[in-house]
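Numbering (full-length UniProt numbering), first residue to last: 1 to 190.
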């Protein structure tokens, strides 16, 4: 609930996520262009006052060469990431997340995904709210164990949890609302 989110309930996702419909379409299209993993950045803006991430557009990035040809793992090329970040900023947006695909296996965060997401969240901590407004998205495409041929979209965020005296990063599925919106509108106009 918004009240729990604003109160900082540790079992509640720390922010709402509003996603433009084009985001899913473009990420899905990008993921279907290859049978190996693809990767990109999510652009939009962070509304700290209302604790909402608005995801407006995905930006595909170049992946680094991998020993497994990207079949089970993908990393973003640093030069491509810098170039895409500049393009995102030139459009008046900021990076609010990243996306990649799991083409042939379940779209749950892998250990590598958890490490990458944790690193991004550490870098992008909003000191005013204590929240890292950065999400991950995994697009599941060709996994034959899926019940339908439709792609699965899993948004996630990392929380540090203590279990049996050890603290570590744990992925939290994030609920995302898909709806059309434009930047600069008051909340009641969105």
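Glycine residues also receive a C-beta, built at the ideal position from the N, C-alpha and C atoms. A quick note: this is a predicted structure, and the numbers were derived from the prediction, not measured.
By the neighbour-count criterion, in which 16 or more other beta carbons inside 10 Å mark a residue as buried, residue 42 falls on the buried side. Residue 107 and residue 138 do touch by the CB rule: their CB atoms are close to 4 Å apart, below 8 Å. The beta carbon of residue 13 is closer than 7 Å to those of 5, 157, 172, 174 and 175 in its chain, skipping five residues each way along the sequence. Across the set 87, 88 and 64, the C-alpha of 64 shows the shortest separation from the C-alpha of residue 78.
Secondary structure of residue 137 (DSSP, three-state): strand. Closest in C-alpha terms to residue 44, from the list 22, 29 and 30, comes 22. Looking at the backbone, the Cα of residue 49 and that of residue 130 are separated by about 12 Å. Following the DSSP letters along the chain, one finds residue 157 in no alpha helix (DSSP H) but inside the beta strand (DSSP E) bounded by residues 152–163.
Excluding the 5 residues flanking it on each side, residue 154 has same chain C-beta neighbours closer than 6 Å at 107 and 138, in chain order. Under DSSP, residue 61 forms a beta bridge with 39.
Assignment of residue 97 by DSSP, reduced to helix, strand and coil, places it in the strand class. Residue 177 is classed as exposed because its beta carbon has fewer than 16 other beta carbons within 10 Å across all chains shown.
For residue 161 and residue 170, the gap between their C-alpha atoms comes out near 6 Å.
When DSSP states are grouped into helix, strand and coil, residue 112 belongs to the helix group. The beta-carbon distance between residue 101 and residue 31, rounded to whole angstroms, is 4 Å. This is short enough to meet the 8 Å contact definition. Shown here, residue 120 sits in a helix according to DSSP, grouped into three states.
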